[in-house]
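J.: Going letter by letter, the sequence shown gives residues 550 to 732 in the numbering used here.
Beta carbons are placed, not taken as given, at the ideal position from N, Cα and C, and that holds for glycine.
Could you have a look at this structure, given as structure tokens, before my questions?
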Amino acid sequence: MMSIVRFGAILLVSLCFSAHAMAEKIYVDSAWSPYFAVPELDSAPVYMTITNLSAKQRQLLSVSTDVADQVLIQSMETVADVAQVTDISAVALPSGVPINMDNSGLYLLLDGINEPLRAGSRFNINLMFDEGESQTVRVQVRSVAVSGDRMLENLRTDPMQQGLSPRRSEGLDEGVMTDPLIR
């Protein structure tokens, strides 16, 4: 009987410590950067989702990496069909709300890349939060399709490009009817 009580006490104490550790946790998911295959570029965006799992609001204050001179936190907003980019000093991380840092508004920008990023490679970035906390995140470099005048076929990967016109689909119905793999 004494061992059951002791086990229960140990379990209770460990749950309290794990709940406290979970209360301060910030979760980062799907960190990636597009590979543009343009050697002259010395900057590239980094996308990710950050979720604050603690009970109180937190802030992302700064970001650093070894692959670039600096990492900027930026916000893009379209006003009168013109994209306006603003440097942000901190990102508010409300409790339990995923913050998508992608081409829809907030994103990170590697500025002054030391060596060209290669598709399939990975690098680390360090996220600095309020309360002196930091977290190292592994970023994957992914290939994106590059086309001549539109710069990117997949516009969702580039925060500076806006979809100007829908993709053409002439002949699609004929292709569907005649393609033996689709029928």
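Since I believe residue 623 is in contact with residue 656 (beta carbons under 8 Å), could you give me their beta-carbon distance rounded to a whole number of angstroms?
T.: At roughly 6 Å, the Cβ-Cβ gap stays under 8 Å, so residue 656 and residue 623 are in contact.
J.: Have a look at the DSSP bridge pairing and note the partners of residue 607.
T.: In DSSP, residue 607 forms a bridge with 642.
J.: Near residue 634, what residues of its chain come up, given a Cβ to Cβ distance below 6 Å and the 5 sequence neighbours on each side ignored?
T.: Result list for residue 634: 623 and 625, in chain order.
J.: Once the 5 residues before and after residue 567 are set aside, which same chain residues still bring their CB inside 7 Å of it?
T.: Residue placement at residue 567 is poorly supported in this model, since its pLDDT is 39, which falls under 50; the coordinates are not used for a value here.
J.: If you drop the 5 nearest sequence neighbours on each side, which residues of the same chain put their C-beta closer than 6 Å to that of residue 699?
T.: Unreliable placement is indicated for residue 699, whose pLDDT of 47 sits below 50; no coordinate value is reported for it.
J.: Put residue 681 into one of helix, strand or coil per three-state DSSP.
T.: In the structure shown, residue 681 sits in a helix (DSSP, three-state: H, G or I).
J.: In angstroms with no decimal places, state the Cα-to-Cα distance between residue 589 and residue 664.
T.: Using only the alpha carbons, I get a separation of about 10 Å.
J.: From residue 628 to residue 648, what does the alpha carbon distance come to, in whole angstroms?
T.: Using only the alpha carbons, I get a separation of about 22 Å.
J.: Going by beta carbon distance, what residues of the same chain come within less than 6 Å of residue 578, once the five residues before and after it are set aside?
T.: Cβ neighbours of residue 578 beyond the five flanking positions: 598.
J.: Using 9 Å as the threshold, is the C-beta distance between residue 660 and residue 615 below it?
T.: Going by C-beta atoms, residue 660 is not nearer than 9 Å to residue 615.
J.: Give the straight-line distance between the Cα atoms of residue 576 and residue 612, rounded to the nearest whole angstrom.
T.: Taking the straight line joining both Cα atoms gives about 15 Å.
J.: Would you identify the three-state DSSP class for residue 659, choosing helix, strand or coil?
T.: Correct three-state label for residue 659: strand.
J.: Among all the DSSP beta bridges, which residues are the ones paired with residue 652?
T.: According to DSSP, which records beta bridges pairwise, residue 652 is partnered with nothing at all.
J.: Starting from residue 575, trace the beta strand (DSSP E) in both directions and tell me its first and last residue.
T.: Note, residue 575: beta strand (DSSP E), 575-584.
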